[in-house]
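Below: the structure, in structure tokens.
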Amino acid sequence: MPGMVGFISPNQVAPDHDCFASVAGDKASYFASQHYQHMLKNVEGIACYEYSDDRLHVSIWGDIFSINGTDCATEDILQTLCEQYLIDNLLALCHGLNGYFVFSVYDKQTQELHLATDRFGIKPLYLWVEGEYVKGFASETKAILLHPEYTQQIDQSALETYIDVGHMLGEQTLFKNIRRVPAATLVTINTQTEHYQQQLYWQWSEIKPINGISFDEAVDKSYQLFDASMARCMSVVKQPKLAITLSGGLDSRVLLAGAKQHYKGEIKTFTFGEPSCDDAVIAKQVADLAGVSNQLVAIDQNNWFSGRERGVWLTDGLKNILHMHALSSVDLIAQESNYLLNGYLGDVTFGGSYLFPESQMTTSKQKRIATRYAKHVQHANIDHDYFTHNNDDPVLIYNRGVRFIGAGSDLLSHQLHNLKPFMDNDLVEFLYSLPDNFRRNGKIYHAMLLRYYSDYFADIPWQQTGKPISLTDNQVEPKVNPVKQQLVKLIKGSVFERAARKLYRSIAPKRHYVAYDTWLREAQFKHYLTDMLCMPSSRVGTLIGSDQVNKILTKFFAMDDSIRPEKIGSLLTLELYLEQLENGKKSASYSK
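Quick note: the sequence shown uses my numbering, first residue 1, plus one each step.
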């Protein structure tokens, strides 16, 4: 993805070296001073800001919508950063910044560098650390990996986390000496000594419960804050068209409704899947209601893998190749607009989908989170001060939301700038100050949607349940067909299972737009997987053992449900990325 790249060393590399050039986007600026060099890269000049004078060099990558509740333009923040830095108030300023961003402030006089991540850690920043010394930072790990002074060290525990969980946790990357900078963090680096320190400028425990608010009052207030967030996001769109990926869900639908109120240009919507799947049918109905175009981007067993090998490189192997659904549409969307409205975590912040069941109230947070991550829970940093809160949402918003779901935005960011209204500071603070039972099963979310956007929700079904949302029905999952359950038990493990799955797939209503469990087992792709993962030269086989890889694949192809498609995707993603990185390093060696 576009963003920042910087290195701290008296031995500076050329600005056209692969460690800079490999990062997505076009060069927006380059700065070098003694032991420090820095490049800012962007797409179509979007969300990239810089200021320099005799004392300071300041860069912002991303969007900053407001300070302490007062709306502002990101470009105006540059001067504010300078002013607050000079009075030693940078940490306090960070506390009030609302948006998703990374910024840098370099003091030419003291040779100190300050780097900050946004409150929720949405914009990625990776730090290259050797012992006590910082050598560099980047928005993409490949920038560090391709630096001529970098020595690659695979982190075996992170590798295992990725294979078992499907994504990294906490600060993990695949490499021991590269880590992700946590959310709400200010890093200060002495570029002469290369020593650093980091400070937390905000934590979830700062959100205090609101007492005495009624449910109706909360519905109205949540709408006001969501509407304000939509207006903020629309204020940064500088093109005549706006894109939305529209599904059969609730989040993208309300984004379209909100955009219709606040955006004056043309709105283009895009939907993934087969023509008859629920997402396609519902999205078309919603688009027709809104009076906007809707283009279906087909995903089927013949084209689903197209372009995904490149997607592995774009995301530095951090996004499982099975979850790159939107990649096939990026070029198509970018022809219309480089701005994409993203329903990121709407089901979580508004809908309460990460709330643990009330029956687990007496279970420790460690045990609840461990049901998701098993032995890897130790890497999720759940005891960090940042995550202190009365429920598990903060831990999961970062470890699943940022480290897994957010990688989907990173996948598209080489051409599309994502706007995420559900992560507005003011909105999130309010929603998490309410009693959990207001959000549980989407209660306040559904009430807000029906009260303020009833045309879009009163009669049009929700893909997840197959019927419209209502205030009297708290169903958030599809009902299980008992006949289907019994048939599955009878067929499971028999010689008929594979044929039965294919038959069911061909005649059943198409609720979902992908069928990876079937597509991965097709003869042609099975051959591809075997070639990639079971050859003696397999990099993943070398790291975890070829016998282990063969065992996993054999079980998967034998329809063993203990091996989910995601694990196969993880193995393939790692293999492709390590191969690409090896080739990239060979290329970089010629550009020293």
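Glycine residues also receive a C-beta, built at the ideal position from the N, C-alpha and C atoms.
Strand pairing of residue i, partner residues [DSSP]
i: Ile600; result: No information on residue 600 is available, as it lies outside the stretch 1 to 592 that the chain covers here.
i: Leu296; result: Thr271
i: Asn418; result: Leu340
i: Gln261; result: DSSP output for Gln261 lists no bridge partner at all.
i: Met535; result: None, per the DSSP bridge assignment.
i: Leu242; result: Ile267
i: Thr117; result: Val102
i: Gln199; result: Leu186
i: Phe7; result: Gln37, Gly136
i: Asp107; result: Leu56, Glu112
i: Lys467; result: Trp462
i: Leu97; result: Ile67
i: Ile154; result: Phe175
Residue burial classification, residue i (beta-carbon count within 10 angstroms, cutoff 16)
i: Gly69; result: exposed
i: Asn98; result: buried
i: Ala32; result: exposed
i: Gly3; result: buried
i: Lys567; result: buried
i: Ile267; result: buried
i: Gly151; result: According to the sequence shown, residue 151 is Thr rather than Gly. Result: exposed.
i: Lys41; result: buried
i: Pro240; result: exposed
i: Ala257; result: buried
i: Asp26; result: exposed
i: Phe430; result: buried
i: Ile552; result: buried
i: Asn342; result: buried
i: Pro388; result: Note on identity: in this sequence residue 388 is Thr, with Pro being the wrong assignment. Exposed, because fewer than 16 other Cβ atoms sit within 10 Å of the Cβ of Thr388.
i: Gln366; result: exposed
i: Arg232; result: buried
i: Lys123; result: buried
i: Glu83; result: exposed
i: Lys142; result: buried
For residue i, three-class secondary structure by DSSP
i: Met39; result: strand
i: Ile67; result: strand
i: Tyr504; result: In this prediction, Tyr504 scores a pLDDT of 46, lower than 50, which makes its location untrustworthy; the coordinate-derived value is nonetheless stated afterwards. Correct three-state label for Tyr504: helix.
i: Val187; result: strand
i: Met168; result: coil
i: Gly311; result: helix
i: Asp227; result: helix
i: Tyr590; result: With a pLDDT of only 40 at Tyr590, under the threshold of 50, the placement of this residue in the model should not be trusted; the figure read from the coordinates follows. Tyr590: coil per DSSP, three-state reduction.
i: Cys595; result: Absent from the model: residue 595. The displayed extent of the chain is 1 to 592, so no value can be given.
i: Leu146; result: coil
i: Trp304; result: coil
i: Thr193; result: coil
i: Thr141; result: helix
i: Asp73; result: Note that residue 73 corresponds to Ala in the displayed sequence, not to Asp. Residue state, collapsed to three classes: coil.
i: Val514; result: coil
i: Lys585; result: helix
i: Ser472; result: According to the sequence displayed, residue 472 carries Thr and not Ser. Coil.
i: Met234; result: helix
i: Glu522; result: coil
i: Pro2; result: coil
i: Asp278; result: helix
Proximity of residue i and residue j at Cβ, strictly below 9 angstroms
i: Gln109; j: Gln34; result: no
i: Thr573; j: Gly317; result: yes
i: Ile595; j: Ser222; result: Not covered by the structure: residue 595. The range shown for the chain is 1 to 592.
i: Val281; j: Gly249; result: no
i: Met423; j: Thr349; result: yes
i: Asn399; j: Gly170; result: yes
i: Leu246; j: Phe270; result: yes
i: Tyr432; j: Ile207; result: yes
i: Lys420; j: Ser409; result: yes
i: Arg539; j: Glu575; result: yes
i: Gly466; j: Asp278; result: yes
i: Gly121; j: Leu127; result: no
i: Leu93; j: Leu81; result: yes
i: Ser205; j: Gly584; result: no
i: Ile64; j: Ile77; result: yes
i: Val254; j: Tyr456; result: yes
i: Leu174; j: Cys19; result: no
Min CB distance residue i to chain B below 9 angstroms
i: Thr518; result: No chain B is present in this structure, which holds just one protein chain.
Original post:
Quick one: complete alpha helix (DSSP H) runs, 4+ long, within the stretch 425 to 464?
Top reply: Fully enclosed alpha helix (DSSP H) runs of 4 or longer: 425 to 431, 436 to 439, 443 to 452, 454 to 457.
**OP:** May I have a chain-ordered list of the beta strand (DSSP E) segments no shorter than 3 residues that lie completely inside the stretch 11 to 63?
**Re:** Here the runs fully enclosed are 26 to 33, 36 to 42, 48 to 52.
**OP:** Entirely within the stretch 317 to 389 and at least 4 residues each: give me those alpha helix (DSSP H) ranges in chain order.
**Re:** Segments of the alpha helix (DSSP H) lying fully in the stretch 317 to 389: 330 to 334, 346 to 349, 365 to 373.
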